[in-house]
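Student:
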Amino acid sequence: MARPRKPLLSRERIVATALELIDAEGLPALSTRRLAAELGVSGPSLYNHFTTKDEILDAVADTVIAEVDVAAFEGGDWRTGLLGWARSYRAALAAHPHVVPYLAQGPGRRPAGLKMADAAFGGMVEAGWPPSQATRVCAMVRYFVAGSALGSFARGFVDDPGAYDPADYPHLGQAHLLSEHQRQVDEGAFETGLQALVDGLALRHPELIPPTDRARPL
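For reference, each letter of the sequence shown is one residue, going 4 to 221 in my numbering.
1. Assuming Tyr146 is part of the alpha helix (DSSP H), what are its boundary residues?
2. Decide if Glu112 is buried, meaning its Cβ has at least 16 other Cβ atoms within 10 Å, or exposed.
3. Please state whether the Cβ-Cβ distance between Ala89 and Val148 is less than 8 angstroms.
4. Taking only three categories from DSSP, how would you classify Leu197?
5. Can you look up Phe124 in the DSSP assignment and give me helix, strand or coil?
6. Under the rule that 16 or more other beta-carbon atoms within 10 Å means buried, what is Arg219, buried or exposed?
7. What did DSSP end up calling Gly116 once you bin it into helix, strand or coil?
8. Alpha carbon to alpha carbon, what distance is there between Arg37 and Asn51?
9. Spatial neighbours of Leu33 within its chain, please: C-beta separation below 8 angstroms, excluding the five flanking residues on both sides.
10. Looking at chain C, is there any beta carbon in it that lies within less than 8 angstroms of the beta carbon of Tyr92?
11. For His101 and Gly29, which I take to be in contact (beta-carbon distance under 8 angstroms), what is that distance rounded to the nearest angstrom?
12. Could you tell me the alpha carbon to alpha carbon distance between Ala123 and Ala166, rounded to whole angstroms?
13. My guess is that Trp81 and Met143 are in contact by the Cβ rule of under 8 angstroms, so how many angstroms apart are they, rounded?
14. So the candidates are Ala199, Leu175 and Arg145; which of them puts its Cα closest to the Cα of Gly116?
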């Protein structure tokens, strides 16, 4: 029996192609018609696997989040957990920045998103944080990571020295060089902010634990 000329359509192939399209051209480029054309199938064929475009986007978003490693929380130290989670989270989003606006809507019913939220929240609570404070900390990290992955500080400055007249911008004489060091600047800014965030939380941690939950002296 002759093999089909094109790979059989599957959820995995649809999601992978949708992510490639979004990475290359952004979220607006994704439509069921365009996706079907990229896959070399008719539009209705997609509906054998996904009912709507939003279902495809949910699967794409969950595929990205599935790349996030939350294993750092398993050691029981919340600082190590937050640092490991935030770094892995940013790496996953930075690899697919066009998906970030959709991910910002929250995990919804997406399994990988919910597992990530469960691991981060659970890790903080098990380390002694009150649930309400653990929720706020996880939300804060999510905001910080999403913002870091969504845009580049360094790329926001043009590489034309003439754009920074010393008479108007006396402190931006080197701003035209930032774009040449984009990765160094952006990753350095993320690490500086992340460390400051964790250090600040460490200072507040004892204050946020209810007295009845603190270890009593022998």
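Beta carbons: idealized from backbone N, C-alpha and C, even for Gly.
Tutor: In terms of the structure at hand:
1. As a position in the sequence shown, residue 146 is number 143, starting the count at 1. Where Tyr146 is concerned, the enclosing alpha helix (DSSP H) stretches over Pro134 to Leu153.
2. Residue numbering aside, residue 112 sits at position 109 when the sequence shown is read from its first letter. According to the sequence provided, residue 112 is Arg. The question's Glu does not apply to it. Under this definition Arg112 is an exposed residue.
3. Residue mapping note: residue 89 aligns to position 86 of the sequence shown, counting from 1. Residue mapping note: residue 148 aligns to position 145 of the sequence shown, counting from 1. Yes; because the gap between Cβ atoms is below 8 angstroms, this pair is in contact.
4. Residue mapping note: residue 197 aligns to position 194 of the sequence shown, counting from 1. Residue state, collapsed to three classes: helix.
5. Locating residue 124 in the sequence shown gives position 121, where the first residue counts as 1. It is helical.
6. For the purposes of this step, residue 219 is taken as the residue at position 216 of the sequence shown. Note that Arg219 scores a pLDDT of 41, beneath 50, so its modelled location is shaky; the value from the coordinates is reported in the next line. Burial call: exposed.
7. Working through the sequence shown from its first residue, we reach residue 116 at position 113. The answer is helix: DSSP assigns Gly116 an H, G or I state.
8. Residue numbering aside, residue 51 sits at position 48 when the sequence shown is read from its first letter. Residue numbering aside, residue 37 sits at position 34 when the sequence shown is read from its first letter. Cα-Cα distance, rounded: 17 angstroms.
9. The residue labelled residue 33 in the question sits at position 30 within the sequence shown. So the qualifying residues of the chain are Ala21, Leu24, Ile25, Lys56, Ile59 and Leu60.
10. You won't find chain C in this structure, because it holds only one protein chain.
11. Within the sequence shown, the letter at position 98 stands for residue 101. Within the sequence shown, the letter at position 26 stands for residue 29. About 5 angstroms separates the two Cβ atoms, so the contact holds.
12. Stepping through the sequence shown from its first residue, residue 123 is reached at position 120. Stepping through the sequence shown from its first residue, residue 166 is reached at position 163. The alpha-carbon atoms of Ala123 and Ala166 are separated by roughly 44 angstroms.
13. Working through the sequence shown from its first residue, we reach residue 81 at position 78. Working through the sequence shown from its first residue, we reach residue 143 at position 140. Trp81 to Met143, Cβ: 13 angstroms. No contact.
14. Here residue 116 is taken as the residue at index 113 of the sequence shown, counted from 1. It is Arg145 whose Cα lies nearest to the Cα of Gly116.
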